[in-house]
Amino acid sequence: MSSWQFAQPPTTCFTVSRLTNTVFKIVEDDMYRELPFIYVKVYPHSILILDTGCGGAARDPTVHLKSLRQFIETWPIIDNAGKPINERGRKPYVVVQSHLHYVCAMEQFTGSTIVASSYSKLFVTSDLATHSLCRSLGIRTPNYQITKWAGDCDFLTHNNFDLKIQVLHTPGHTPDSLALWDEEENMLYVGDTLYEWAPTIFPNEGDIVDWLGSMDKLYAFVKEKTTFLIQEQSSNTEVYINCGHVTSYGPALEILGQMNEFMLAILRGSVPIMGESIKRGERNVVYGRQGTDRFVVLCPERLILEARDKLEIVV
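Numbering (my numbering), first residue to last: -6 to 308.
Structure follows, in C-alpha cells:
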C-alpha cells in the first residue's frame, strides 16, 4: 500500500484515457517532448504497467503531481467512476519495460515485479547510463533491479495468477525490445518498434536487419491471431496495436505491413533523405516528411548501410 496521503493536487503532467474495460493509456507531457504512452492493465488482484515514462521531468515544471505512481494511486479518473486506477496502492504491480529507454520512473516501483527481455541481458545490465540514454541526456541514471527475465513467448504470471499476457522478443530498435500480446483484449503492444505520424527512431545500438525480422514475426503472429478470431466467428476479428508514442488502438496488420514496406523502400533507395543531424557522435538521417507522411524513420545512416550490406541490396 502506498504511504502517500495528501489532498488532490490541482495540476499534473499526466493525462489518461480508457482504451478498454481493463486498459488505460497514460500520456506524460515531458520536457523532452517525447510524450510517451504508458499502458496500465487492471486485474482483480494486481496492476500491470508497460513502460514508466520520463520520471516526472515535466514540460511545465510548476505542475504539482509529477510522480507516475502517485498519479496512478491518487488521481481521480473520470472514466473510472471518479476513482484512481489503483486507489491507495492496494494492488501490487508488475512493471514491464518494452526497452531500456526512458526508464526513469522505474525507481518508484521498487519492490514490485519488474520484467525485461531475456534476449540481451548484457545490454540491460552493462553501461545502463549509456544504453538508457541517461548519459546523453545529462540526467541521473535510475537505480532498479530486473526481477524477471522473460523468455520469448513466455506468459506472465503474478502470485500464481495467469495475466494472459505473452512476451515476444522483438530486437531491432534496441537489442532488448519486446512486445506484449494481450489475449483478452486482442491487443499487441510494441513499444518503440514503430509508430505513425512521427519519426520511428533508432539509436546507435539499433539493428535494421533484426528489426525486419521482428516485424515479420509480429506480422505473422497477428495474421495467425486474426485468422483464429475469424474461424471462431468472434464478434470482433480486429487485432489492435498500441505503440510507445502517437499510435494506440490502431489496426495492427495494416500498420505493421505498411511500415515494413516503408523500411524496405528505404533500403532499396526509393525514399530520399529529407534531413540530417549529428546525434551521439553519429550522422543521423531522416526518411519521410514529418507531419505529412504516415511513416518516418530517423536513424544513424550507418544502420541503413549495414542493412544493405547484410541483405546484399545494391543502391
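Every residue, glycine too, gets a C-beta built ideally from N, C-alpha and C. Model, not experiment: these values are computed from the prediction.
Quick one: is the Cβ of residue i within less than 6 Å of any heavy atom of the ligand PLP?
i: Arg11; result: Here there are no bound small molecules, and the ligand PLP is not part of this structure.
DSSP three-state label for residue i, please.
i: Gln159; result: strand
i: Ala122; result: helix
i: Asp145; result: coil
i: Pro3; result: coil
i: Asn73; result: helix
i: Ile107; result: strand
i: Thr140; result: coil
i: Cys292; result: strand
i: Val117; result: helix
i: Thr150; result: strand
i: Asp44; result: coil
i: Thr219; result: helix
i: Thr55; result: coil
i: Tyr8; result: The question names Tyr, but residue 8 in the sequence shown is Thr. Three-state DSSP puts Thr8 in a strand.
Give a yes or no on whether the C-beta atoms belonging to residue i and residue j are separated by under 7 Å.
i: Pro77; j: Trp68; result: yes
i: Pro265; j: Asn277; result: no
i: His92; j: Ser170; result: yes
i: Asp44; j: Ile31; result: yes
i: Glu275; j: Asn197; result: yes
i: Val183; j: Cys236; result: yes
i: Glu178; j: Thr13; result: yes
i: Leu61; j: Thr5; result: no
i: Gly131; j: His166; result: no
i: Leu260; j: Arg301; result: yes
i: Leu249; j: Tyr212; result: yes
i: Ala122; j: Thr134; result: yes
i: Tyr95; j: Cys146; result: no
i: Val108; j: Ala143; result: yes
i: Met180; j: Tyr137; result: no
i: Ile70; j: Val9; result: yes
If we count the other Cβ atoms within 10 Å of its Cβ and call it buried at 16 or more, is residue i buried or exposed?
i: Ile194; result: buried
i: His124; result: buried
i: Ile84; result: In the sequence under discussion, the amino acid at residue 84 is Lys, which differs from the Ile named in the question. So Lys84 counts as buried.
i: Phe148; result: exposed
i: Tyr49; result: One detail in the question is off: residue 49 reads as Gly in this sequence, not Tyr. Result: buried.
i: Gln63; result: buried
Could you check how far apart the C-beta atoms of residue i and residue j are, in whole angstroms? I think they sit under 8 Å.
i: His238; j: Tyr280; result: About 17 Å; that fails the 8 Å criterion.
i: Ile19; j: Val33; result: 6 Å
i: Asn126; j: Val89; result: Asn is not the amino acid found at residue 126; the sequence shown has Leu there. Contact flag wrong, Cβ pair sits at about 19 Å.
i: Val87; j: Ser105; result: 7 Å
i: Pro168; j: Ser113; result: 4 Å
Whole runs of the alpha helix (DSSP H) within the stretch 240 to 288, excluding any shorter than 4 residues | 245 to 260
Fully enclosed by the stretch 170 to 216, which beta strand (DSSP E) runs are 3 residues long or longer?
-> 171 to 175, 180 to 184, 192 to 194
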